[in-house]
Amino acid sequence: MNSIETVSVCGLGKLGSCIAATLAARGFEVVGVDIDREKVDKINEGLAPLDEPLLAETIRAGHSRLRATLDPRETVATDATFFIPPSPSLPDGSFSNEFLLRAMQPVARAMKDAGKKNHLFVCSSTTTPGAIDTVLIPMLERELGGVCGRDFSVCYNPEFIALGDVVNGLLEPDLVLIGESDPRSGAALEQLYKKYNHNSPRIARMSIISAELTKISLNSYITMKISFTNQLRLIAARHPKADIHVILDALGNDSRIGKKYLRAGLSYGGPCFPRDNRLLAYTARQVGLEAPLAEASDRVNERTKQELVEKVQQMVKPGDLVAVLGVTYKPNTYITEEAAGLFLAQQLKRRGYRVLIHDFAATPANSPSLHEFELISSWEEFKNNPGVSLAVICCPWLQYRDLASTAGTRVFTPWHL
Numbered sequence: 005m006n007s008i009e010t011v012s013v014c015g016l017g018k019l020g021s022c023i024a025a026t027l028a029a030r031g032f033e034v035v036g037v038d039i040d041r042e043k044v045d046k047i048n049e050g051l052a053p054l055d056e057p058l059l060a061e062t063i064r065a066g067h068s069r070l071r072a073t074l075d076p077r078e079t080v081a082t083d084a085t086f087f088i089p090p091s092p093s094l095p096d097g098s099f100s101n102e103f104l105l106r107a108m109q110p111v112a113r114a115m116k117d118a119g120k121k122n123h124l125f126v127c128s129s130t131t132t133p134g135a136i137d138t139v140l141i142p143m144l145e146r147e148l149g150g151v152c153g154r155d156f157s158v159c160y161n162p163e164f165i166a167l168g169d170v171v172n173g174l175l176e177p178d179l180v181l182i183g184e185s186d187p188r189s190g191a192a193l194e195q196l197y198k199k200y201n202h203n204s205p206r207i208a209r210m211s212i213i214s215a216e217l218t219k220i221s222l223n224s225y226i227t228m229k230i231s232f233t234n235q236l237r238l239i240a241a242r243h244p245k246a247d248i249h250v251i252l253d254a255l256g257n258d259s260r261i262g263k264k265y266l267r268a269g270l271s272y273g274g275p276c277f278p279r280d281n282r283l284l285a286y287t288a289r290q291v292g293l294e295a296p297l298a299e300a301s302d303r304v305n306e307r308t309k310q311e312l313v314e315k316v317q318q319m320v321k322p323g324d325l326v327a328v329l330g331v332t333y334k335p336n337t338y339i340t341e342e343a344a345g346l347f348l349a350q351q352l353k354r355r356g357y358r359v360l361i362h363d364f365a366a367t368p369a370n371s372p373s374l375h376e377f378e379l380i381s382s383w384e385e386f387k388n389n390p391g392v393s394l395a396v397i398c399c400p401w402l403q404y405r406d407l408a409s410t411a412g413t414r415v416f417t418p419w420h421l
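What follows is the structure, given as structure tokens:
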């Protein structure tokens with residue numbers, strides 16, 4: 005396989021639009037493909053299709069090399085196609101292949117119709133381990149009428165990014181993970197990253213199944229660390245003289261542990277951590293094993309959310325007005341998926357409390373689950389005159405640091421802001 009100079013990106017969502025923009029800004033010719041005309045039009049106008057820090061600036065920086073289309077046939081003129089459609093969880097914990105199949109099939113048909121060989125199909129969406137080898141590659145071989153590794157190639161290349169910092173995460177990662185169907189495709193993708201990344205990350209090349217397991221295992225390990233922190237926080241809370249923040253600071257100084265994700269707070273949430281952790285447990289069950297650490301992390305995480313509701317109920321009386329501050333799963337993003345604040349607000353409202361909510365990014369427009377709540381429209385006005393019995397800081401936005409308890413309002417937060 006020759007070096008990769010031109011790239012197509014199928015799926016211009018939260019991750020795909022950032023991948024397309026950063027590739028263009030780093031000198032690659034990029035074609036973005038999506039079924040959403042609004043996203044396509046915005047990118048072609050040099051605008052960001054969604055809210056993500058640095059995305060608009062990055063699109064402008066690479067605009068001369070970036071265009072978007074609704075037509076998957078335009079991928080034929082590129083050397084490699086990255087696929088980043090959704091891969092939603094199924095009830096058993098596995099991930100659906102439906103959107104990946106829908107995205108890949110028309111591209112494969114276009115390649116077949118054009119008689120193109122040696123195209124590289126790169127899957128960046130998280131997959132159930134084994135899905136690429138047993139579902140996606142067989143589909144591609146049928147559609148293309150060829151053999152993977154000879155007539156075309158496939159790589160599994162998930163990104164380890166955090167919403168709210170996707171652009172920096174893509175350009176300066178700790179790790180680049182490449183699962184390859186053949187050494188030539190892995191080498192070509194490795195060379196792309198050596199040109200693409202600002203730093204010099206570890207590039208780990210391996211079989212596709214090894215990479216699938218690596219992706220979910222990395223996130224599962226992080227969730228285990230967060231759940232351990234929450235478990236310790238709950239224990240320390242039962243001892244009046246224990247300070248969880250100084251305990252965790254001391255633990256983090258041991259090089260075997262480290263300070264990352266060792267911070268007292270609330271449950272983990274978002275689109276990756278909970279799902280990847282449950283997927284690891286599912287993967288173990290599929291081969292007749294258990295993943296008790298992953299399952300325990302999930303139980304502790306759910307218990308942490310319930311404990312927050314119980315704690316808040318102990319601090320208020322029936323009919324009190326409660327403000328839930330921060331309903332995103334982390335700062336600098338509008339995503340509320342499995343966020344502690346949203347869970348608390350929902351539970352309190354269902355139990356008869358009047359609830360006000362506030363966030364610096366999430367709104368009913370970008371997070372429809374917020375439509376059921378009364379909103380705090382002005383943070384400055386609320387900060388100066390809360391008018392609620394209790395304000396609970398559920399997401400550590402730094403702007404909440406200035407909120408102090410008053411004679412009429414108690415402020416509660418497990419975070420060390």
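In the numbering used here, the protein residues as written are 5 to 421. Where a beta carbon is used, it is the ideal one built from N, C-alpha and C, also for glycine. Only a predicted model underlies this, so the values are computations on that prediction, with no experimental measurement involved.
ask   = Since residue 160 is in the beta strand (DSSP E), which residue starts that stretch and which ends it?
value = 157 to 160
request  = Name the one or two DSSP bridge partners that residue 260 has.
outcome  = DSSP lists no partner for residue 260.
task = Can you tell me which of the three DSSP states residue 347 falls into?
result = helix
task = Tell me whether residue 78 sits in a helix, a strand or coil according to DSSP, three-state version.
result = helix
task = Return the chain-ordered list of same chain residues with a C-beta closer than 7 angstroms to the C-beta of residue 151, the five sequence neighbours on each side being excluded.
result = 145
task = Could you spell out where the beta strand (DSSP E) holding residue 12 opens and where it closes?
result = 10 to 14
task = Over the uninterrupted beta strand (DSSP E) stretch that includes residue 209, give me the two end residues.
result = 206 to 210
ask   = What three-state label does DSSP hand residue 397 in the structure shown?
value = In the displayed model, residue 397 falls within a strand according to three-state DSSP.
ask   = Is the stretch 237 to 252 touching the stretch 268 to 275 in the sense that three or more CB pairs, one from each, lie closer than 8 angstroms?
value = yes
Contact set for residue 342: own chain, Cβ-Cβ below 6 angstroms, skip 5 residues either direction = 273 and 278
ask   = What separation, rounded to the nearest whole angstrom, lies between the Cα atoms of residue 312 and residue 137?
value = CA-CA distance, residue 312 to residue 137, rounds to 42 angstroms.
Residue closest to residue 158, alpha-carbon to alpha-carbon, out of 344, 188 and 179 = Nearest option by C-alpha distance: 188.
For residue 361: DSSP bridge partner residues = Residue 361 pairs with 328 and 379.
inquiry  = I'd like to confirm the pairing. Which residues does DSSP put opposite residue 85 in its beta bridges?
reply    = 12 and 125
message = Quick check on this structure: which residue in 285, 162 and 175 has the alpha carbon closest to the alpha carbon of residue 27?
response = 175
ask   = Taking only runs of the alpha helix (DSSP H) that begin and end inside the stretch 184 to 249, which ones reach a length of at least 4 residues, in chain order?
value = Considered as a whole, the stretch 184 to 249 harbours 187 to 200 and 212 to 240 as its complete alpha helix (DSSP H) runs of no fewer than 4 residues, in chain order.
ask   = Rounded C-beta distance between residue 177 and residue 128? I'm assuming under 8 angstroms.
value = The pair is not a contact, with the Cβ atoms about 13 angstroms apart (cut-off 8 angstroms).
request  = Could you name the residues that DSSP lists as bridge partners for residue 93?
outcome  = 99
query = So which of 140, 56, 227 and 257 has the shortest CA-CA distance to residue 281?
reply = Nearest to residue 281 by alpha-carbon distance, out of 140, 56, 227 and 257, is 227.
message = In whole angstroms, give me the CA-to-CA distance for residue 208 and residue 224.
response = 18 angstroms
request  = Identify every residue that forms a DSSP beta bridge with residue 416.
outcome  = In the DSSP output, where bridge partners are listed per residue, residue 416 has 396.
ask   = What's the C-alpha gap between residue 171 and residue 213?
value = 27 angstroms
message = Do residue 293 and residue 220 have their beta-carbon atoms positioned less than 7 angstroms apart in this structure?
response = no
key: Proximal residues to residue 8 (C-beta, below 8 angstroms), its chain only, five neighbours per side dropped   = 32, 83, 84, 124, 192, 193, 195 and 196
message = Relative to the C-alpha of residue 76, which candidate in 46, 52 and 114 has its C-alpha closest?
response = 114
query = residue 72 by DSSP, collapsed to three states: which one?
reply = strand
ask   = Do residue 360 and residue 327 have their CB atoms nearer than 7 angstroms?
value = yes
inquiry  = Once DSSP output is grouped into helix, strand and coil, what is the label at residue 139?
reply    = helix
task = Would you kindly report the start and end of the unbroken alpha helix (DSSP H) that includes residue 173?
result = 170 to 175
task = Return yes when the Cβ of residue 13 is within less than 7 angstroms of the Cβ of residue 25, no when it is not.
result = The Cβ atoms of residue 25 and residue 13 lie no closer than 7 angstroms to each other.
task = Pull up the distance between the alpha-carbon of residue 107 and that of residue 87, whole angstroms please.
result = 7 angstroms
inquiry  = Would residue 305 and residue 373 qualify as a contact pair, given that the criterion is a beta-carbon distance under 7 angstroms?
reply    = no
ask   = Beta-carbon separation of residue 308 and residue 399 under 7 angstroms?
value = no
ask   = Would you say residue 22 and residue 59 are within 7 angstroms of each other, going by their C-beta atoms?
value = Taking 7 angstroms as the Cβ cut-off, residue 22 and residue 59 qualify as a contacting pair.
task = Less than 8 angstroms between the CB atoms is what I'm expecting for residue 91 and residue 62, so what's the real figure, rounded?
result = With 8 angstroms as the limit, residue 91 and residue 62 do not qualify as a contact, their Cβ atoms being about 24 angstroms apart.
query = Taking one C-beta from the stretch 66 to 75 and one from the stretch 31 to 45 each time, how about it: are there three or more such pairs within less than 8 angstroms?
reply = They touch, by the three-pair rule.
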